[in-house]
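Undergrad: In order, the protein sequence lines correspond to chains A and B.
Each residue of the first sequence is one higher than the last, beginning at 1 in this note's numbering.
Each residue of the second sequence is one higher than the last, beginning at 1001 in this note's numbering.
Here you go, one structure.
Protein chains: 2
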Amino acid sequence: MKRASKPSEIDEAQLASALRGAHLRVTLPRLAVLRELWRTAGAVSHADLTGRLSPHGIDRVTVWRNLMALSEAGLVARTDLGDHTWRFERADPNAHAADAHPHFVCVDCRKVTCLPDDAVFLSSAAARGAIVLEVQLKGRCGACLTR
Amino acid sequence: MKRASKPSEIDEAQLASALRGAHLRVTLPRLAVLRELWRTAGAVSHADLTGRLSPHGIDRVTVWRNLMALSEAGLVARTDLGDHTWRFERADPNAHAADAHPHFVCVDCRKVTCLPDDAVFLSSAAARGAIVLEVQLKGRCGACLTR
DNA sequence: ATCATGATGCAACCACGTTGCAATAGAATT
DNA sequence: AATTCTATTGCAACGTGGTTGCATCATGAT
């Protein structure tokens, strides 16, 4: 029976199997990107990640393509807040697909919170022959208001 | 004495006085930008506006600077939807809170349409101690669905 | 009519994102 | 272990949205 001794090893194994589970090859740059997102708290921009990984010889295009691959695979979440750059972060495992329920994005702390379905009502006028895939509210959250 | 005969001239006068009221010089490019925003229904991107005005010899930088000047002056509203480009539109004079009407963004054609305020209702649960600045719906518009 | 200053056009630049392609390296197969 | 197929990488080059510096022009005040 195999036992992991150092926490970092568990990490690596988990990351690799997560990749394999998504039918993605386990490569050094891809692991690096995933690892970096895994140990980072908030959402990270492409430029930020490139800054951290290019010293290790990883190209910015590679970083970008991996970010896309990982987000398409559902391993990382790609969010667009108000600053015109994509931010990436570890996808919440118990995350529902970007389904019906609305999201609230705080423009200050960039936190994304999920709202219950009944938080937003769409009148029939909202979707004139269109289908609504996502509802997003932007604003300032309670925590940031009292800070 | 000069009298305005055609409705378009009346328009021009209104636009010009709006500019003067904002302590902005009335110039040909600035009037053109304002006029274009005034007669356009939805929110327009800088690229879009440039496409319309550069045939008239107006530079894209000038368009941009005027968009900034006008939005700083409060004459036009600058909104950021999910597509990493600023959209500008006529600022509603009788605007409730910072021009908060909802937008619909088609994920296929990227077109942005403005929705009436009553298209979306936020239940009190939506904003638990938060303030909502912007509401945006993403989806597939009717035109793209039937295509 | 003059003139100070705001506005314009042009060129050049930056950041973010994207694409094409030859070289490389996973991993499946023998 | 060697072979083979193909996903992935690195590089270079490009595209778009946005920005800046600067010489020139024209609005609006005098």
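All C-beta atoms in this analysis are idealised placements derived from N, C-alpha and C, irrespective of residue type, glycine included.
Could you pull the DSSP bridge partners for HIS1103 (chain B) from this structure?
TA: Note: HIS1103 (chain B) sits in a beta bridge opposite B:CYS1114, B:GLN1136.
Undergrad: Name the two residues that bound the continuous beta strand (DSSP E) containing ARG1128 (chain B).
TA: Segment: none, ARG1128 (chain B) is in no beta strand (DSSP E) and carries neither H nor E.
Undergrad: Determine which residues of the stretch 130–147 of chain A have a Cβ less than 9 Å from any Cβ of chain B, and write them out in chain order.
TA: Per Cβ criterion, the list reads ALA130, ILE131, VAL132, LEU133, GLU134, VAL135, GLN136, LEU137, LYS138, GLY139, ARG140, CYS141, GLY142, ALA143, CYS144, LEU145, THR146.
Undergrad: List, in chain order, every chain B residue whose beta-carbon is nearer than 8 Å to that of ALA77 (chain A).
TA: Going along chain B, no residue has its Cβ under 8 Å from ALA77 (chain A), so there is no contact; the nearest lies around 14 Å.
Undergrad: Applying the criterion that 16 or more other CB atoms from any shown protein chain within 10 Å of the CB defines a buried residue, is ILE58 (chain A) buried or exposed?
TA: Result: buried.
Undergrad: Could you tell me the alpha carbon to alpha carbon distance between LEU1115 (chain B) and VAL132 (chain A), rounded to whole angstroms?
TA: Those two C-alpha atoms are separated by around 13 Å.
Undergrad: Could you name the residues of the same chain whose beta carbon sits closer than 7 Å to that of SER1017 (chain B), not counting the 5 residues immediately before and after it, in chain order?
TA: There are no such residues.
Undergrad: Can you name, in chain order, every residue of its own chain whose Cβ lies under 7 Å from the Cβ of PRO1148 (chain B), other than the five neighbours on each side?
TA: This structure cannot settle anything about residue 1148 (chain B), because the visible part of chain B is limited to 1001 through 1147.
Undergrad: Buried or exposed for GLY142 (chain A), going by 16 or more other Cβ atoms inside 10 Å?
TA: It counts as exposed.
Undergrad: With a cut-off of 7 Å, does the C-beta of VAL1061 (chain B) fall near any C-beta of chain A?
TA: Not closer than 7 Å to any Cβ of chain A, the Cβ of VAL1061 (chain B) fails to qualify, so no.
Undergrad: Which class does THR1027 (chain B) belong to by DSSP, given the choice of helix, strand or coil?
TA: If DSSP states are grouped into helix, strand and coil, THR1027 (chain B) belongs with coil.
Undergrad: Look at ALA13 (chain A) and GLY1139 (chain B) and say whether their C-beta atoms are less than 7 Å apart.
TA: No; because the gap between Cβ atoms is not below 7 Å, this pair is not in contact.
Undergrad: Who does ASP1080 (chain B) pair with in a DSSP beta bridge?
TA: In DSSP, ASP1080 (chain B) forms a bridge with B:TRP1086.
Undergrad: Suppose the cutoff is 7 Å on Cβ atoms and the five residues either side in sequence are ignored; what does the same chain contact list for SER1123 (chain B) look like?
TA: Cβ within range, chain order: n/a, list empty.
Undergrad: Is it right to say VAL1076 (chain B) is buried, meaning 16 or more other beta carbons lie within 10 angstroms of its own, or is it exposed?
TA: Per the 10 Å Cβ criterion, buried.
Undergrad: Measure from the C-beta of ALA16 (chain A) to each C-beta in chain B and report whether the shortest distance is under 7 Å.
TA: No, no contact with chain B.
Undergrad: Can you tell me whether ALA143 (chain A) is helix, strand or coil according to DSSP?
TA: Three-state DSSP puts ALA143 (chain A) in a helix.
Undergrad: Does DSSP classify LEU19 (chain A) as helix, strand or coil?
TA: In this structure, LEU19 (chain A) counts as helix in the three-state DSSP scheme.
Undergrad: In the stretch 100–114 of chain A, which residues sit with their C-beta less than 8 Å from some C-beta in chain B, listed in chain order?
TA: For the stretch 100–114 of chain A, which is checked against every Cβ of chain B, the residues closer than 8 Å are PRO102, PHE104, CYS106, VAL107.
Undergrad: HIS84 (chain A) CB to nearest chain B CB: under 7 Å?
TA: Judged by the 7 Å Cβ criterion, HIS84 (chain A) is in contact with chain B.
Undergrad: Would a check of beta-carbon distances place HIS1096 (chain B) closer than 7 Å to chain A?
TA: Note that HIS1096 (chain B) has pLDDT 45, beneath the 50 cutoff, so the model's placement of it is unreliable and the number below is only indicative. Chain A, which has no Cβ nearer than 7 Å to the Cβ of HIS1096 (chain B), makes this no.
Undergrad: Can you check whether the C-beta of SER71 (chain A) is within less than 7 Å of a C-beta belonging to chain B?
TA: Cβ-Cβ to chain B under 7 Å: no for SER71 (chain A).
Undergrad: Taking the alpha-carbon positions, what's the ALA1043 (chain B) to VAL1033 (chain B) distance?
TA: Cα-Cα distance, rounded: 13 Å.
Undergrad: Between ARG48 (chain A) and chain B, is any beta-carbon pair separated by less than 7 Å?
TA: Looking at the sequence shown, residue 48 (chain A) is not Arg but Asp. Chain B, which has no Cβ nearer than 7 Å to the Cβ of ASP48 (chain A), makes this no.
Undergrad: Just grab the DSSP bridge partners of LEU122 (chain A) for me.
TA: Note: LEU122 (chain A) sits in a beta bridge opposite B:VAL1120.
Undergrad: If distances are taken between C-alpha atoms only, which option among A:LEU24, A:LEU49, A:ARG147, A:LEU15 comes closest to THR85 (chain A)?
TA: The shortest Cα separation from THR85 (chain A) among A:LEU24, A:LEU49, A:ARG147, A:LEU15 belongs to A:LEU49.
Undergrad: From the DSSP secondary-structure annotation, give me the bridge partner or partners of SER1045 (chain B).
TA: B:ARG1087, per the DSSP bridge assignment.
Undergrad: Near LEU37 (chain A), what residues of its chain come up, given a Cβ to Cβ distance below 7 Å and the 5 sequence neighbours on each side ignored?
TA: Excluding sequence neighbours, LEU37 (chain A) sits near VAL44, VAL76, PHE88, GLU89, ARG90.
Undergrad: What in chain A is Cβ-close to PHE1121 (chain B), meaning under 9 Å?
TA: Those within 9 Å of PHE1121 (chain B) in chain A are VAL120, PHE121, LEU122, SER123.
Undergrad: Below 8 Å on the Cβ atoms is my guess for ASN1066 (chain B) versus ARG1025 (chain B); work out the distance and round it to an integer in Å.
TA: At roughly 11 Å, the Cβ-Cβ gap does not stay under 8 Å, so ASN1066 (chain B) and ARG1025 (chain B) are not in contact.
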